[in-house]
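Q:
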Amino acid sequence: MNNKFDQIIAVANQKGGVGKTTTVVNLATAMAACDKKTLIIDSDPQGNASTGFGVKHNERDKDLYSLICGKTDINSAIKSTMIPKLDIIPTSPNLSVLEQELVDVQEREYKVESLLNDIKSSYDYIFIDCPPSLGLLTLNALCAARSLIIPLQTEYYALEGLSQLIKTLESVKGNFNKDIELKGILLTMFDKRNKICEMVSNDVKNHFNNKVFKTVIPRNVRVSEAPSYGQPVLMYDISCPGSQAYASLAGEIINQETIYNEKK
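Structure representation (structure tokens):
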């Protein structure tokens, strides 16, 4: 497997409700459908990515928290999903106390990275779903990742939070992980009838040019319904606009990989 390409991807935004988990669940599903062996790491204590694949709370005793605490071996924490070629390391609310527990621990920023060293060669892509904050869990994800996807809801205040996250990324790159790059900004919950959406989209594209994905995720009720059935939207309704958009995004990222390999 190709380990030179940036196959460990953090999906982060300190603002909640912008489509982080939705993006991780559905992009990873689309990658697996493209025959890419894929792993999701649920590093949000809310555990929505785990719920999105129907992992029940009583099945989460071997989770990211127990891994970081050294109570579980990583191979026993990996769960297969209903999607062929797609695995997940679930999480539980226990993860919310990790920041306090690790306060005096050396190298605490690299806990997730050290866990992945043993298994990353087994996967084409690893996606880390981050909590809606810029705390220790998100820092761990950014230290482990080779690249960052920022889902950005097309609304009025979106750009304010984005500039803060870009500064955090630059700080991580300077102090913790020189290899991390911005893979792209993903515009989510886009409604072409809404002028604000169009304005925000144009602003982001003017600021970040080719760092904005061509694929835009539309506001789509089927995407919102799917998690309540414990399914990615690509299983729940493959023909809906949201499914088609995530399939397109997977194609865009795989195409980046192809271009990268051709340059090597």
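Under my numbering, the sequence shown has 317 at position 225, and the numbering climbs by one with no breaks. In this text, a Cβ means the ideal position worked out from N, Cα and C, and glycines have one as well.
For Cys161, count neighbouring Cβ atoms within 10 angstroms of its own Cβ and tell me buried if that reaches 16, exposed if not.
A: As a first step, residue 161 is located in the sequence shown; it is residue number 69 there, counting from the start. Classification for Cys161: exposed.
Q: Beta carbon of Thr164, beta carbon of Asp134: below 8 Å?
A: Taking the sequence shown and counting its residues from 1, the one referred to as residue 164 is at position 72. Taking the sequence shown and counting its residues from 1, the one referred to as residue 134 is at position 42. No; because the gap between Cβ atoms is not below 8 Å, this pair is not in contact.
Q: How far does the alpha helix (DSSP H) with Glu247 in it extend, from its first residue to its last?
A: One-based indexing of the sequence shown puts residue 247 at position 155. Looking at the DSSP string, Glu247 is not in any alpha helix (DSSP H), and its letter there is neither H nor E.
Q: Report the CB separation of Leu69 from Glu191 in whole angstroms; it is logged as a contact under 8 Å.
A: Because residue 69 is not part of the residues shown, which for the chain are 93 to 356, the question remains open.
Q: Within its chain, find whatever has a CB closer than 6 Å to the CB of Tyr338; leave out the 5 residues flanking it on each side and keep chain order.
A: Stepping through the sequence shown from its first residue, residue 338 is reached at position 246. So the list reads Asn118, Leu119 and Ala122, once near-sequence residues are dropped.
Q: For Leu326 versus Ala141, is the C-beta spacing smaller than 8 Å?
A: If you number the sequence shown from 1, residue 326 lands on position 234. If you number the sequence shown from 1, residue 141 lands on position 49. Result no, Cβ atoms of Leu326 and Ala141 do not sit closer than 8 Å.
Q: Considering only the beta carbon of each residue, do Ile47 and Lys212 sit closer than 8 Å?
A: Residue numbering for the chain in the displayed model covers 93 to 356; residue 47 lies beyond these limits and cannot be assessed.
Q: Report the three-state DSSP secondary structure of Thr183 (helix, strand or coil).
A: Sequence index remark: in the sequence shown, residue 183 carries index 91 (1-based). Looking at Thr183 - three-state DSSP - the assignment turns out to be coil, as it is neither helix nor strand.
Q: Is it true that the CB of Pro185 sits closer than 8 Å to the CB of Pro223?
A: If you number the sequence shown from 1, residue 223 lands on position 131. If you number the sequence shown from 1, residue 185 lands on position 93. No.
Q: If you draw a straight line from the C-alpha of Ala318 to the C-alpha of Asn105, how long is it?
A: Position 226 of the sequence shown, counting from 1, holds the residue named residue 318. Position 13 of the sequence shown, counting from 1, holds the residue named residue 105. Near 22 Å, if we compare the C-alpha coordinates of Asn105 and Ala318.
Q: Are there 16 or more other CB atoms within 10 angstroms of the CB of Thr115, so buried, or fewer, so exposed?
A: Counted from its first residue, the sequence shown places residue 115 at position 23. The residue in question, Thr115, is buried, as its Cβ has 16 or more Cβ neighbours within 10 Å.
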